[in-house]
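**Student:** Keeping their order, the protein sequence lines are chains A and B. The numbering of the first sequence is the numbering used here, which starts it at 1 and goes up by one. The numbering of the second sequence is the numbering used here, which starts it at 1001 and goes up by one.
2 protein chains.
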Amino acid sequence: MAPSPSPIATFVPVAPDSHFSIHNLPYGVFSSRSDATPRPGVAIGEQVLDLSAIAAAGLFTGPLLRDSDCFHQTSLNRFMAMGRAAWKEARGTVQKLLSADEPALRDNTDLRKKAFFPLNEVKMELPAVIGDYTDFFSSKHHALNCGKIFRGVDALPDNWLHVPIAYHGRSSSIVTSGHPITRPCGQVAPAAGSSSPAFKPSSLLDFELEMAMFVGPGNELGTQIPVESAYDHIFGLVLMNDWSARDIQRWEAIPLGPFLGKSFATTISPWIVTLEALEPFICNPPAQDPPPLPYLKEPQGKSYDIALEVTIKPDGDPKGSTICRSNFKHLYWTLGQQLAHHTVNGCNLRPGDLLASGTISGPEQGSLGCLLEQSWGGREQVALENGGSRKFLEDGDEVVISGQCKGDGYLVGFGTCSGKLEPPRCSC
Amino acid sequence: MAPSPSPIATFVPVAPDSHFSIHNLPYGVFSSRSDATPRPGVAIGEQVLDLSAIAAAGLFTGPLLRDSDCFHQTSLNRFMAMGRAAWKEARGTVQKLLSADEPALRDNTDLRKKAFFPLNEVKMELPAVIGDYTDFFSSKHHALNCGKIFRGVDALPDNWLHVPIAYHGRSSSIVTSGHPITRPCGQVAPAAGSSSPAFKPSSLLDFELEMAMFVGPGNELGTQIPVESAYDHIFGLVLMNDWSARDIQRWEAIPLGPFLGKSFATTISPWIVTLEALEPFICNPPAQDPPPLPYLKEPQGKSYDIALEVTIKPDGDPKGSTICRSNFKHLYWTLGQQLAHHTVNGCNLRPGDLLASGTISGPEQGSLGCLLEQSWGGREQVALENGGSRKFLEDGDEVVISGQCKGDGYLVGFGTCSGKLEPPRCSC
Ligand SMILES: [Ca+2]
Ligand SMILES: [Ca+2]
Ligand SMILES: [Mg+2]
Ligand SMILES: [Mg+2]
Ligand code: NI
Chain A
1 MAPSPSPIAT FVPVAPDSHF SIHNLPYGVF SSRSDATPRP GVAIGEQVLD
51 LSAIAAAGLF TGPLLRDSDC FHQTSLNRFM AMGRAAWKEA RGTVQKLLSA
101 DEPALRDNTD LRKKAFFPLN EVKMELPAVI GDYTDFFSSK HHALNCGKIF
151 RGVDALPDNW LHVPIAYHGR SSSIVTSGHP ITRPCGQVAP AAGSSSPAFK
201 PSSLLDFELE MAMFVGPGNE LGTQIPVESA YDHIFGLVLM NDWSARDIQR
251 WEAIPLGPFL GKSFATTISP WIVTLEALEP FICNPPAQDP PPLPYLKEPQ
301 GKSYDIALEV TIKPDGDPKG STICRSNFKH LYWTLGQQLA HHTVNGCNLR
351 PGDLLASGTI SGPEQGSLGC LLEQSWGGRE QVALENGGSR KFLEDGDEVV
401 ISGQCKGDGY LVGFGTCSGK LEPPRCSC
Chain B
1001 MAPSPSPIAT FVPVAPDSHF SIHNLPYGVF SSRSDATPRP GVAIGEQVLD
1051 LSAIAAAGLF TGPLLRDSDC FHQTSLNRFM AMGRAAWKEA RGTVQKLLSA
1101 DEPALRDNTD LRKKAFFPLN EVKMELPAVI GDYTDFFSSK HHALNCGKIF
1151 RGVDALPDNW LHVPIAYHGR SSSIVTSGHP ITRPCGQVAP AAGSSSPAFK
1201 PSSLLDFELE MAMFVGPGNE LGTQIPVESA YDHIFGLVLM NDWSARDIQR
1251 WEAIPLGPFL GKSFATTISP WIVTLEALEP FICNPPAQDP PPLPYLKEPQ
1301 GKSYDIALEV TIKPDGDPKG STICRSNFKH LYWTLGQQLA HHTVNGCNLR
1351 PGDLLASGTI SGPEQGSLGC LLEQSWGGRE QVALENGGSR KFLEDGDEVV
1401 ISGQCKGDGY LVGFGTCSGK LEPPRCSC
């Protein structure tokens, strides 16, 4: 583990269990009641710091940001495109402005009034215009379990230990935490004895515990990003729930992969935690055997120790039941390998593109990252703490994913990624 | 077939074999040497009519376009979002302005100088910002052949006659006709006797003859577009070459579908032919047996009689060999069914989204829409007219797709969709 950063005191109140300590400073895009224009902000304690206000006040004085309009945008794409030097400059400036012994913001009552908004009063928007969204399949436990459940095969696909498998998902239906999720309708396989598929609301609705990276600077079509420089192209991470309708998915997915079983919605947490903030939590990824091909071989593979939880809150049970405790470090393929693989054919990435990890399942029952695995394809009930149980989600269930890194006396957290399931709207 | 439109004379010279007759009026986005700003235009004969110049001159006088800035944009997305009434108004205005007996443009020498550009001197841009790109699999002949070649199965997938199968493709790597294509590198399956995959330039590079629709007005997330109103959401069609690296595709595609075998490039023709222009060429689609589920049942299914050709031009052979003659009308699933299926789970479409047909293979050898099928998985040589032959594409080959509808004394054509294959840039 990298050394902990030295403690920094901030004049903003931050509770010890806040996800948004001075060591975190995640980026998001928000609007407020006083100003409906979406603009970039940073979360600190229970507050949002409005970066457009800080920029307007001329407080970004570093060489890269001084003359930039990147914080006067309705998305973070322009800032993402600027690269790590600009990100470090911004982080340094914001950390200094928020520190207890720096008067520029602390003692400027007018600016503080304009620049701080209570976190629970703002509306969070998508942090970026997402040009393309890719979903990987990087947990070995998940891949093995899916093979057993979906295809009755007790082995990884032949390619799995060589190829960081992925497919393209739907960009348009990515929403931020809190957006309600409508149970989708669709075709499912013919019932036993029937030759005709049924059209109905999905009865096997699932979550998938994932995380996803936002791309910073991209690459030109026809060029590759080598694995050695992959991290220069990663802005930061969010939590993701890749909602999945298992019955629709199962019937449609051969031969071209998941489509409508996934495309009805994907939820992300609104605050992007940067790789800078995650540095103290770097850890070793699992050993890779067989060794990957040279284009995937990292000088020093790295993962991140991010504790993840999934809580199901049935209607009327605000406490809910935490049914999954997993960790980002279980993933077999690293962020750098995913990104290098994605571009090895010359495919161009663009700032704001989203690359998700795939379901993050660990080795134990309680760390399996979706109900498909926890209920073993619907064969077993998953007990809830309030006495009920689930094989798949019921209307009214809220699924809340949270994630955090525990530092020495502080947290670097992701907040939550939640969505509540609403009944189907179709008339079948 | 619908009745032919009455002949309209235009003051712009249009050769009888021009794809861009007064009955066509396809939309594109272009820039010129005098003005690098991309802007919407319409092709007529050998000219581009600059719609931003026409709008600036106040000649869009209809109620929907009079006060719109839709032609002062760098893409057609805003115009696409306005819907069919606006599209009809624009078409009526442009057709009138170009007609021989209308003086407004004909006799305004200054405006004509500002508004017309020679087609062979402009640079064509992507016509829209493509939020999501979907690739269907709607030719029964192609689906059957792929099953035989890829999986040794002499039957359609179980779901194929019920589900308009599709997957999400890569938006970022869509380019317009003429953009060079770099042969991709990637992983391919282990050679016989080896346990390790190889990393190398694809040696099975292929084209796929497709057409694609641009979405007009979209739908809100969680809602469906019924098949009865699907055509109100379709702006028009382009030609597409879905370049495919068969060796990469084959090794990666199980279990989640095609990814890097496709995402290195997709070429579209730059001129969008509207459904209005295609109306005289409506024809019956193939009979569907078994009947589709109710949500896919069309009051009156319709296809379009669009003759398609693929010509391979090896380096130094500008005439080339036309190796495929197919037709859009061979497709089993209609445009309306594709679009209704895409939204039946509540997935939202956005103006400018692109939905491709899948490879358009007909029943005969000479109408198979890709080399995979024509060479039967690389087992047979496909003869070229100059004496050579191909199983798959070679560096320097240019692939030219063209498409046209033959009217009574006029054409409604798509121009061409071409790309020349360049050697790999990777250092493997
Ligand atoms: Ca997933
Ligand atoms: Ca295709
Ligand atoms: Mg999803
Ligand atoms: Mg393609
Ligand atoms: Ni329904």
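For every residue, glycine included, the Cβ atom is placed at its ideal position computed from N, Cα and C. Treat the numbers as computed from the prediction; the structure is a model and nothing was measured.
Take the Cβ of residue 276 (chain A) as the centre, count every other Cβ of all protein chains shown within 10 Å, and call the residue buried at 16 or more, exposed below.
**Tutor:** buried
**Student:** Along chain A, which residues have their Cβ under 8 Å away from the Cβ of residue 1251 (chain B)?
**Tutor:** In chain order: 159, 163.
**Student:** Using a cut-off of 9 Å between C-beta atoms, extract the partners of residue 166 (chain A) located in chain B.
**Tutor:** When 9 Å is used as the limit between beta carbons, residue 166 (chain A) is near these residues of chain B: 1252, 1256, 1259, 1260, in chain order.
**Student:** Enumerate in chain order the residues of its own chain whose CB-to-CB distance from residue 165 (chain A) is below 6 Å, with the five nearest sequence positions on each side excluded.
**Tutor:** Excluding sequence positions up to five before and after residue 165 (chain A), its CB lies within less than 6 Å of the CB of 137, all in the same chain and listed in chain order.
**Student:** DSSP three-state call for residue 1294 (chain B): helix, strand or coil?
**Tutor:** Correct three-state label for residue 1294 (chain B): helix.
**Student:** Assess, as a yes-or-no matter, whether the segment 1386-1405 of chain B is touched by the segment 1310-1320 of chain B under the definition of 3 or more beta carbon pairs within less than 8 Å.
**Tutor:** yes
**Student:** Please compile the residues from chain B whose C-beta is within a distance smaller than 9 Å of the C-beta of residue 425 (chain A).
**Tutor:** By Cβ distance, chain B contributes 1222, 1223, 1224, 1346.
**Student:** Listed in chain order, which residues of the segment 1346-1364 of chain B have Cβ atoms closer than 9 Å to some Cβ of chain A?
**Tutor:** 1346, 1347, 1348, 1349, 1350, 1353
**Student:** What does the shell around ligand 1 hold, if a residue joins when its beta-carbon is under 6 Å from any heavy atom?
**Tutor:** A:135, A:208, A:210, A:242, A:358, A:359
**Student:** Of the residues B:1092, B:1042, B:1114, which one's Cα is nearest the Cα of residue 1035 (chain B)?
**Tutor:** B:1114
**Student:** Please go through the same chain and pick out, in chain order, the residues whose beta-carbon is closer than 7 Å to the beta-carbon of residue 1018 (chain B), but skip the five residues on each side of it.
**Tutor:** Around residue 1018 (chain B): 1045, 1411.
**Student:** How big is the Cα-Cα spacing for residue 93 (chain A) and residue 1216 (chain B)?
**Tutor:** Residue 93 (chain A) and residue 1216 (chain B): Cα-Cα distance of roughly 44 Å.
**Student:** Have a look at A:95, A:377, A:263 and flag the residue whose alpha-carbon is nearest the alpha-carbon of residue 184 (chain A).
**Tutor:** A:263
**Student:** Smallest Cα separation from residue 89 (chain A): which of A:37, A:197, A:25?
**Tutor:** It is A:25 whose Cα lies nearest to the Cα of residue 89 (chain A).
**Student:** Residue 1001 (chain B) by DSSP, collapsed to three states: which one?
**Tutor:** Low per-residue confidence applies at residue 1001 (chain B): pLDDT is 45, beneath 50, and the placement is therefore not dependable, though the value from the model is reported in the following sentence. Three-state DSSP puts residue 1001 (chain B) in coil, outside helix and strand.
**Student:** Check for me: the alpha helix (DSSP H) holding residue 79 (chain A) runs from which residue to which?
**Tutor:** 77-82
**Student:** Which chain A residues sit within Cβ distance under 7 Å of residue 1131 (chain B)?
**Tutor:** Correct list: 171, 172.
**Student:** Report the residue ranges of all beta strand (DSSP E) runs contained in full by the segment 370-412 of chain A; include only those spanning at least 3 residues, in chain order.
**Tutor:** 398-406
**Student:** Answer with yes or no whether the minimum CB distance from residue 1 (chain A) to chain B is below 7 Å.
**Tutor:** Confidence in residue 1 (chain A) is poor, its pLDDT being 45 and thus under 50, which makes the residue's placement too unreliable to answer from.
**Student:** Keeping to the same chain, check which residues put their C-beta closer than 6 Å to that of residue 2 (chain A); ignore five residues upstream and five downstream.
**Tutor:** Because residue 2 (chain A) sits at a pLDDT of 47, beneath the cut-off of 50, its placement in the model cannot be relied upon, and the point is left open.
**Student:** Got a sec: is the Cβ-Cβ distance from residue 1177 (chain B) to anything in chain A below 7 Å?
**Tutor:** no
**Student:** Which residues in the same chain as residue 162 (chain A) place their Cβ atom closer than 8 Å to its Cβ, once the five residues preceding and following it in sequence are excluded?
**Tutor:** 290, 292, 293
**Student:** Mind reading off the beta-carbon distance from residue 1145 (chain B) to residue 1385 (chain B)? Whole number of angstroms is fine, and I expect it under 8 Å.
**Tutor:** Their Cβ separation, rounded to whole angstroms, is 24 Å, which puts residue 1145 (chain B) and residue 1385 (chain B) out of contact at 8 Å.
**Student:** Closer than 8 Å by beta-carbon distance: list the chain B residues that pair up with residue 149 (chain A), in chain order.
**Tutor:** Taking a Cβ-Cβ cut-off of 8 Å, residue 149 (chain A) has no neighbours in chain B, whose nearest Cβ is about 12 Å from it.
**Student:** Less than 8 Å between C-beta atoms, sequence neighbours within five positions excluded: which residues of the same chain meet that for residue 1179 (chain B)?
**Tutor:** 1265, 1267, 1419
**Student:** Give the C-beta separation of residue 139 (chain A) and residue 361 (chain A) to the nearest angstrom, bearing in mind that I take them to be a contact with Cβ-Cβ under 8 Å.
**Tutor:** 5 Å
**Student:** When DSSP builds the beta bridges, which residues end up paired with residue 118 (chain A)?
**Tutor:** A:47
**Student:** Could you compute how far the alpha carbon of residue 1051 (chain B) sits from the alpha carbon of residue 1308 (chain B)?
**Tutor:** 29 Å
**Student:** Can you tell me where the alpha helix (DSSP H) holding residue 150 (chain A) begins and where it ends?
**Tutor:** 140-151
**Student:** What are the boundary residues of the alpha helix (DSSP H) that residue 1104 (chain B) is part of?
**Tutor:** 1103-1106
**Student:** Do we get a CB-CB distance below 7 Å when we pair residue 186 (chain A) with the residues of chain C?
**Tutor:** Included in the structure are the protein chains A and B, with no chain C among them.
**Student:** Can you round the beta-carbon distance between residue 1247 (chain B) and residue 1310 (chain B) to whole angstroms, since I take them to be within the 8 Å contact cut?
**Tutor:** Incorrect: roughly 21 Å between the Cβ atoms, too far for contact.
**Student:** Counting only Cβ-Cβ distances shorter than 8 Å, please list the residues of the segment 285-307 of chain A near chain B, keeping chain order.
**Tutor:** Within the segment 285-307 of chain A, the residues whose Cβ lies closer than 8 Å to some Cβ of chain B are 290, 293, 294, 295, listed in chain order.
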